[in-house]
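J.: Before I ask anything, let me first share the structure, which is written out below as structure tokens.
2 protein chains.
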Amino acid sequence: MKFAVEGQDGSARAGVLETSHGEVRTPTFMCVATYGAVRGVGPDDLAAIGAQMLLANTYHLHERPGEEIVKSQGGLHGFTGWQGPWLTDSGGFQVSSLAHRASISEEGVTFSSPLDGERRLLTPENVVGIQEALGSDIAMVLDECRTPVPNAGNPAAETARRVEEAMERSLRWATRAKRARKEPGMALFGIVQGGVSDALRRRSANETVAIGFDGYAHGGLGLGEDRDQRVEMIGVGNEALPTDAPRYLMGLGKPVDLLDGVAAGVDLFDCVIPTRNGRHGVLFTRQGTLRIKNARYKDDSRPPDPSCDCPTCKSHSRAYLRHLLKIDESLGARLASVHNLRFYLALLEQARTAVLTGRLESLRRDIEATAGTVDD
Amino acid sequence: MKFAVEGQDGSARAGVLETSHGEVRTPTFMCVATYGAVRGVGPDDLAAIGAQMLLANTYHLHERPGEEIVKSQGGLHGFTGWQGPWLTDSGGFQVSSLAHRASISEEGVTFSSPLDGERRLLTPENVVGIQEALGSDIAMVLDECRTPVPNAGNPAAETARRVEEAMERSLRWATRAKRARKEPGMALFGIVQGGVSDALRRRSANETVAIGFDGYAHGGLGLGEDRDQRVEMIGVGNEALPTDAPRYLMGLGKPVDLLDGVAAGVDLFDCVIPTRNGRHGVLFTRQGTLRIKNARYKDDSRPPDPSCDCPTCKSHSRAYLRHLLKIDESLGARLASVHNLRFYLALLEQARTAVLTGRLESLRRDIEATAGTVDD
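As structure tokens, this is what we get:
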């Protein structure tokens with residue numbers, strides 16, 4: 140994997156990432172295909188909206204269908220039909236999202252499977268092996284993504300201690316992950332942790348860089364901290380990261396969060412918001428978000444976003460989309476997801492152009508101004 | 140609407156139906172888009188698999204979103220983006236499928252809506268008006284589709300009496316429907332009823348023809364009668380129907396049922412089997428039906444049907460389709476539906492060619508021989 144920065148605007152960068160399955164122009168958004176498919180959205184739809192790279196989940200694919208099956212079908216590329224690059228998340232986030240089923244030891248994370256109750260152990264080593272079997276272009280190290288919230292039974296000092304422990308364990312795991320890699324064609328990214336502490340984020344970033352990875356991610360954000368804290372944490376991390384490696388902000392967020400990330404020097408993003416909101420009838424537009432199930436759209440013949448170039452906006456009206464989502468017709472979820480994904484992809488295409496022309500701040504202000512809804 | 144028979148093979152016909160929205164080569168299968176959308180399948184998918192005409196449901200669209208909204212969006216064509224012809228079913232079938240919510244009088248059918256509990260009256264007249272508002276190319280008359288089953292509490296003589304009454308009421312309603320039509324561009328089809336009685340079917344067909352419609356349908360079949368009875372009823376009806384008008388077998392069926400219909404001189408078909416079976420992972424192939432969730436397909440890299448030309452078979456393996464359906468991913472339902480719809484459309488394209496070359500019986504024997512499953 141190669142990465143070249145082509146232009147900058149303050150801390151923001153426009154770059155090109157060369158993967159084993161093609162070039163990716165950054166900054167960009169990766170559509171989330173947890174189990175190897177974006178819900179209801181086919182590879183043809185994804186190509187039509189300019190998707191460059193998809194993201195799948197190691198833990199979930201390990202459970203179903205299992206990496207050996209994916210491997211036997213030519214990896215994620217052959218199995219799913221998406222021939223562009225794939226990034227796979229490690230399963231570290233499931234330590235948090237499936238916390239009630241996860242127990243952590245120095246060896247790794249043991250999940251009690253929601254499918255069959257069996258115990259499944261993910262270690263820094265086997266997570267790299269699974270991602271190699273999946274044929275990932277970019278693999279993530281296993282991290283301990285812990286986000287304890289201070290409260291009466293969980294005082295701030297105790298919380299801070301746990302975040303520090305998780306960050307330190309993630310560093311030890313990162314060292315083991317790097318040693319475990321066998322497949323030279325697969326890039327491996329380290330993950331910066333440390334909650335909302337400047338000091339911990341800085342230490343985590345420095346020590347992750349010292350281990351040495353093909354790229355770096357900011358983990359454990361978008362989980363309750365406020366916007367200023369988040370921007371600060373990304374900035375602190377990026378100061379320590381090498382400028383010639385790609386940076387990935389995991390799991391975030393709303394349009395303005397992505398532009399905050401770009402402004403702070405992030406190159407890659409992923410989030411389930413476009414598809415999840417789409418399924419619920421919340422559409423992103425350049426005028427703000429639009430709740431398409433609202434009765435006011437029942438006979439609105441305009442496309443969801445008149446300025447959008449996606450297949451949904453080219454062929455369908457608000458009235459039809461509202462009807463489909465009101466009757467729970469899956470075509471509605473698909474059309475809304477396609478539109479929202481295009482909004483995210485286009486937003487980052489615009490951000491890239493803005494970086495190259497020194498106008499990122501103006502784009503960010505435009506998007507900030509439309510953070511509300513248009514139909515309240 | 141014009142209809143021309145281009146070739147015959149026994150009673151079977153190959154024809155061309157000219158509608159207000161383009162030509163339809165018959166025999167053909169209409170994909171079912173009850174609420175104005177084939178579940179999960181977009182107009183782009185439908186065009187790619189050679190769909191010619193879609194079928195929507197008057198009763199359901201009357202409830203949601205209401206015909207006035209559809210009308211305000213340019214009818215079904217403008218509203219849904221499917222610019223080819225639309226046939227709309229009248230709601231007569233809902234007399235049977237929503238029997239617990241329907242009460243019948245000479246005036247019409249009153250449904251207690253499952254949505255809001257309100258009473259909605261469908262009459263022969265307003266059903267024509269609704270279909271005119273929907274912009275249907277082909278409308279169906281309201282009929283009383285009753286299929287009482289003889290049993291201990293419902294003796295055969297009583298059953299026969301009710302079928303006869305329903306058939307006679309359907310004739311009176313057909314007369315009223317014909318008088319109610321205002322839109323000359325919309326074709327109106329009559330419906331032959333009469334259960335499984337030769338005498339009733341013959342009388343119904345003769346009297347429906349005497350009223351005079353643009354085309355004729357066989358209603359109330361595929362509801363429990365055996366194959367021989369069904370073929371006989373279609374034959375009896377067709378003897379009475381004019382040869383220069385299109386004939387439509389409503390709601391049927393399995394592949395072999397369609398070929399039985401073609402052999403008996405039917406031109407149009409519709410059925411939910413391809414999409415419903417697809418969602419459940421039952422795929423039609425020229426080797427028989429394939430239950431894709433079966434474990435034997437978990438690493439089968441062949442397309443669902445190696446001889447199929449659909450987008451699913453061109454791009455995806457049995458292993459991927461099985462995975463998607465096992466995890467309830469809606470892309471799986473879409474890909475399986477697209478495949479099954481293509482199977483049905485292609486089957487009738489093959490039937491058309493077979494009629495024109497005098498080989499229909501050979502095709503029917505081929506399909507009969509593959510009526511089982513390939514994975515038992």
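If you read the protein sequences in the order shown, they are chains A and B. Numbers in this note's numbering are just positions in the first sequence, counted from 1, shifted up by 139. Numbers in this note's numbering are just positions in the second sequence, counted from 1, shifted up by 139. We treat Cβ as the ideally placed atom computed from N, Cα and C, and that holds for glycine.
#1: For residue 408 of chain A, go through chain B and note every residue whose CB falls closer than 7 Å to its CB, in chain order.
#2: For the segment 193–220 of chain B, which residues have a CB atom closer than 7 Å to at least one CB atom of chain A, in sequence order?
#3: Can you give me the Cβ contacts of residue 420 of chain B inside the same chain, cut-off strictly under 7 Å, excluding the 5 residues immediately before and after it?
#4: In the segment 473–484 of chain A, which residues sit with their C-beta less than 8 Å from some C-beta in chain B, listed in chain order?
#5: Measuring only the C-alpha atoms, how far is residue 182 of chain A from residue 388 of chain B?
#6: Pick from A:157, A:144, A:270: whose alpha carbon is nearest that of residue 196 of chain A?
#7: Rounded to whole angstroms, what is the Cα-Cα separation between residue 228 of chain B and residue 358 of chain B?
#8: What residues from chain B crowd round residue 171 of chain A, counting only those whose CB sits closer than 8 Å?
#9: Am I right that residue 142 of chain A and residue 394 of chain A are in contact with their C-beta atoms under 8 Å? What's the rounded C-beta distance?
#10: With a threshold of 16 other CB atoms inside 10 Å of the CB of residue 366 of chain B, please say whether the residue is buried or exposed.
#11: Which residues, taken in chain order from the segment 289–322 of chain A, show a beta carbon closer than 8 Å to some beta carbon of chain B?
#12: So the beta strand (DSSP E) residue 147 of chain B belongs to, where does it begin and stop?
#13: Answer with yes or no whether the minimum CB distance from residue 80 of chain A to chain B is below 8 Å.
#14: Please name the residue in B:233, B:408, B:179, B:147 whose C-alpha comes closest to that of residue 415 of chain B.
#15: At a CB-CB cut-off below 8 Å, which residues of chain A make contact with residue 178 of chain B?
#16: State the DSSP-derived secondary structure class of residue 170 of chain A, mapped to helix, strand or coil.
#17: Since I believe residue 170 of chain A is in contact with residue 177 of chain A (beta carbons under 8 Å), could you give me their beta-carbon distance rounded to a whole number of angstroms?
#18: Suppose the cutoff is 6 Å on Cβ atoms and the five residues either side in sequence are ignored; what does the same chain contact list for residue 150 of chain A look like?
#19: Do residue 485 of chain B and residue 398 of chain B come within 8 Å of each other at the CB atom, strictly closer than that value?
#20: Compute the distance between the beta-carbons of residue 215 of chain B and residue 156 of chain B, then report whether it is under 8 Å.
#21: Leaving aside the five residues before and after residue 302 of chain A along the sequence, list all residues of the same chain whose C-beta is less than 6 Å from its C-beta, in chain order.
#22: If we count Cβ pairs, one from each stretch, closer than 8 Å, do we get three or more for the segment 318–325 of chain B versus the segment 288–299 of chain B?
#23: So, does the CB of residue 432 of chain A fall closer than 8 Å to a CB anywhere in chain B?
#24: Would DSSP call residue 279 of chain B helix, strand or coil?
#25: Check whether the Cβ of residue 419 of chain A lies closer than 8 Å to any Cβ atom in chain B.
#26: Whose C-alpha, out of A:364, A:354, A:199, is nearest the C-alpha of residue 380 of chain A?
#27: Report whether the distance from the Cβ of residue 269 of chain A to the nearest heavy atom of the ligand SAM is below 7 Å.
#28: Tell me which residue opens and which closes the alpha helix (DSSP H) that residue 462 of chain B is part of.
#29: What residues of chain A sit near residue 275 of chain B, judged by a beta carbon separation below 9 Å?
#30: Between which residues of its own chain and residue 279 of chain B is the CB-CB distance below 6 Å, once the five residues before and five after are set aside?
#31: Excluding the 5 residues preceding and the 5 following residue 418 of chain A in the sequence, name in chain order all residues of the same chain whose CB lies nearer than 6 Å to its CB.
#32: Rounding to the nearest angstrom, what Cα-Cα distance links residue 221 of chain B and residue 185 of chain B in this structure?
#33: Could you tell me which whole beta strand (DSSP E) segments of length 3 or greater appear in the segment 171–241 of chain A?
#34: By alpha-carbon positions, which one of B:289, B:284, B:290, B:312 ends up nearest to residue 264 of chain B?
#35: Quick one: residues in its chain with C-beta nearer than 7 Å to the C-beta of residue 289 of chain A, no 5 flanking neighbours on either side, listed in chain order?
#36: Give the C-beta separation of residue 174 of chain A and residue 199 of chain A to the nearest angstrom, bearing in mind that I take them to be a contact with Cβ-Cβ under 8 Å.
T.: Result, derived from the coordinates:
#1: Chain B residues near residue 408 of chain A: none, gap ~22 Å exceeds 7 Å.
#2: Contact residues of the segment 193–220 of chain B toward chain A are 203, 204, 208, 211, 212, 218, 219, 220 (C-beta to C-beta distance below 7 Å).
#3: 430, 431, 432, 464, 475
#4: 473, 474
#5: 36 Å
#6: A:270
#7: Their backbone Cα atoms lie some 11 Å apart in a straight line.
#8: Near residue 171 of chain A there are no residues of chain B at all, since even the closest Cβ is about 13 Å away, more than 8 Å.
#9: Contact doesn't hold; Cβ gap of about 24 Å is too wide.
#10: exposed
#11: none
#12: 141–148
#13: The question about residue 80 of chain A has no answer here: the residues shown for chain A are numbered 140 through 515.
#14: Taking residue 415 of chain B as reference, the option from B:233, B:408, B:179, B:147 with the minimal CA-CA separation is B:179.
#15: 468, 469, 470
#16: It is a strand residue.
#17: 5 Å
#18: 403, 404
#19: Taking 8 Å as the cut-off, the beta carbon of residue 398 of chain B is found no closer than this to the beta carbon of residue 485 of chain B.
#20: no
#21: Cβ within range, chain order: 334.
#22: no
#23: no
#24: Of the three classes helix, strand and coil, the one that applies to residue 279 of chain B here is strand, per DSSP.
#25: no
#26: A:354
#27: For the structure depicted, the ligand SAM is absent and the ligand set is empty, with no information on it obtainable.
#28: First-last of the alpha helix (DSSP H) with residue 462 of chain B: 457–465.
#29: Ordered by position in chain A, no residue passes the 9 Å Cβ test against residue 275 of chain B, which lies about 17 Å from the chain.
#30: Around residue 279 of chain B: 228, 229, 328.
#31: 472
#32: Spanning the two alpha carbons is a distance of roughly 9 Å.
#33: Those beta strand (DSSP E) runs which fall completely within the segment 171–241 of chain A and span 3+ residues are 193–196, 225–228.
#34: B:312
#35: 295, 298
#36: The Cβ separation is near 6 Å, so the contact holds.
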